[in-house]
Amino acid sequence: MTAPGSLGGWLRHFLLAIELNFRNPQAIVYGYLVPVIFLLAFASIFRADSPPLAAQMGQVVTITILGGACFGLPTALVAEREQGVWRRYRLLPIRIPWLMFSAMLARVLIVASSVLVEIALARALFGTPLPLHPGSAAVAFVFVTAAFLGIGLLIAALADNVPAVQALGQCIFLPMILIGGVGVPLSVLPVWAQRAAGFMPGRYSVEVLDACFQGPRGLSGAGFRLAALVVIGLAAGIAGTKLFRWEPGRAPSSSRWWVAASLAAWAVVGGIAWASGHLPAVVAEPGAWADIAAAQIAAIRFDDLPADDGIVAAMAPAALDGEFARKLAGWPPAKTGDSGQVIRKLVSLAAVADLCADPREAQIGRLVFQQIGGKFDPAAARRALAWIVLAPDDGQVVTRAPELGLYRHPPERLVRQRSAIYARKYLGRLLGKIPE
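For the sequence shown, the working numbering begins at 11 and goes up steadily by one.
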């Protein structure tokens, strides 16, 4: 494709593409800063998982690649086009395909560096394990990055200026974040949204990357998902190449047909996935509390608990009613998660009130017990309470509840310890081992 003498020029263009990227503040923001913000956001939500963030790294890495490919690449290309850089490139003694190849290869290395930074930060800050299948992870990265780079190239071809890049990028980024299985796990989305995610590349990206981080077989059996990424990326890349402009100006009138052809690839992939059974409904796996056996519950002791009228884990004979009870019934943290996790949050609420010496602590302790006994299946409630006793460091707890008037913030370690005491008191009552 090119003469040996022009290899040095191609290499210089490749290095220049990397240098120009790091001179572009917006490319740096979308390529490095935004992924770090998402990593910290995921960590704040899933920090109690064991191992931490292992189940979310597919989403984190996908967001990182999205930021670099669908925002970083078109931002850099459009900014250079507006400055007349690409018009000058046409005068170089290097064939145009090689210029495009060097720009794309430079972006692959930039995105790879961002992904490595994310993985290293997750490991250093939260102890997230490295991919179980590093070789498969590298292959998956190439497929995912190529697909999103194709989309990024199409965005660059359509956008008249840098602000237009942000608008077009958000049209792709936000749907995949909200209902595409990238920002919100598929297991918590309604079935219709899970089906819709099958028409977007984000779902396939997360699934192939998840298989490399924690799947037992790596990419074995991921052929359809990899093919879906190839089809979507290839369709967008061809459209972007056909519409690519060397000088500033408006996109040609034929752009709408190329965009329609690119989106048709999404529809074809989603339709085949739906018809072939590759879009099964995803349900959340039951928590560890669901595996608590009757023998484990029977082994829990209740003879050394503090008195209900003492200063530790107090419980009043009557519950707090009125406005507080109504607020607790609609308390947002108790609306997310499975039964075991919701019960853990409720128990930790009683622990927070007790640790903060709230005047209502004893009544809140009783009200939480009534909520658990009245709203949950008895067998599930017993297993969840036993889980809190046997595994106090698992799951998520609350350490403050300002919406309920509990503004102080006791240490999480103490909240978990006190939650275990309350859980034994509640479990003992449900089993009839503690008389009222």
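Glycine included, every Cβ here is placed at the ideal spot set by N, Cα and C.
Here the structure is a predicted model, which is why all the values come from computation and not from measurement.
Same chain only: Cβ atoms within 8 Å of residue i, ignoring 5 sequence neighbours per side
| i | result |
| --- | --- |
| P14 | For P14, the pLDDT reaches just 40, beneath the cut-off of 50, and the residue's location in the model is therefore unreliable, although a value from the coordinates is still provided. Closer than 8 Å at Cβ, skipping near neighbours: no residue. |
| I444 | F312, L315, K435, G438 |
| V175 | F81, P84, T85, V88, I165, A166, A169 |
| V201 | A291 |
For residue j and residue i, the rounded distance between their alpha carbons
| i | j | result |
| --- | --- | --- |
| R33 | L43 | 15 Å |
| I120 | G78 | 8 Å |
| W20 | R97 | 16 Å |
| Q204 | L315 | 46 Å |
| V357 | W299 | 14 Å |
| A275 | A245 | 6 Å |
| D404 | V378 | 20 Å |
| G280 | M186 | 14 Å |
| V394 | G233 | Here residue 394 turns out to be Ala, not Val, going by the sequence shown. So the alpha carbons of these two residues sit roughly 39 Å apart. |
| D318 | A363 | 14 Å |
| P173 | A390 | 52 Å |
| I310 | D301 | 16 Å |
| A130 | M67 | 12 Å |
| A277 | F209 | 6 Å |
| T12 | W108 | Because the pLDDT at T12 is just 43, under 50, the model does not fix this residue reliably, and the point stays unresolved. |
| S272 | L126 | 30 Å |
| R255 | L163 | 11 Å |
| F386 | G287 | 34 Å |
| G137 | A328 | 44 Å |
| R99 | V149 | A small fix is needed here, since residue 99 is Tyr in this sequence, not Arg. Near 32 Å, if we compare the C-alpha coordinates of V149 and Y99. |
| E333 | A372 | 16 Å |
Own chain partners of residue i with C-beta closer than 7 Å, once the 5 adjacent residues on each side are dropped
| i | result |
| --- | --- |
| A27 | S112, A113, A116 |
| L365 | P420, L424, V425, R428 |
| Y432 | A323, V357, A360, A361, G375 |
| T409 | V362, H419, P420, E422, V425 |
| I182 | C80, I161 |
| G228 | H143, S146, A221, C222 |
| A401 | A298 |
| K252 | W268 |
| P141 | A147, C222, F223 |
Residue j beta carbon less than 8 Å from that of residue i
| i | j | result |
| --- | --- | --- |
| R376 | M325 | yes |
| T85 | S124 | no |
| K345 | Q406 | no |
| S263 | L168 | no |
| L196 | A206 | no |
| I161 | C80 | yes |
| A122 | F151 | yes |
| V269 | A249 | yes |
| L49 | V70 | yes |
| E257 | R91 | yes |
| L440 | G383 | yes |
| V192 | V216 | yes |
| P45 | E128 | yes |
| I307 | A396 | yes |
| L338 | L414 | yes |
| A157 | G243 | yes |
Residues near residue i in its chain [Cβ-Cβ closer than 6 Å; skip 5 each side]
| i | result |
| --- | --- |
| P139 | P61, A64 |
| Y214 | R235, A238, L239 |
| P343 | K355, V408 |
Limits of the unbroken alpha helix (DSSP H) element including residue i
| i | result |
| --- | --- |
| L338 | 333-339 |
| I280 | For clarity, residue 280 is Gly in the given sequence; the question names Ile instead. Where G280 is concerned, the enclosing alpha helix (DSSP H) stretches over 265-285. |
| K355 | 349-365 |
| Y99 | 95-99 |
| Q180 | 172-189 |
| E92 | 83-92 |
| V154 | 144-168 |
| R392 | 388-400 |
| D220 | 211-224 |
| I75 | 67-76 |
| P45 | 44-56 |
| R205 | 201-207 |
| A37 | 35-38 |
| A305 | 304-308 |
Assigned secondary structure, residue i (DSSP; H/G/I helix, E/B strand, else coil)
| i | result |
| --- | --- |
| A291 | coil |
| A13 | Note on A13: pLDDT 43, under 50, position unreliable in the model; no value is reported. |
| A329 | coil |
| A232 | coil |
| A27 | helix |
| L424 | helix |
| A411 | strand |
| L377 | helix |
| L115 | helix |
| L140 | coil |
| L416 | strand |
| W312 | The sequence shown places Phe at residue 312, not Trp. It is coil, neither helix nor strand. |
| S429 | helix |
| L63 | coil |
| F32 | helix |
heavy atom of the ligand PLP below 7 Å from residue i C-beta
| i | result |
| --- | --- |
| A150 | No copy of the ligand PLP occurs in the structure displayed, which carries no ligand at all. |
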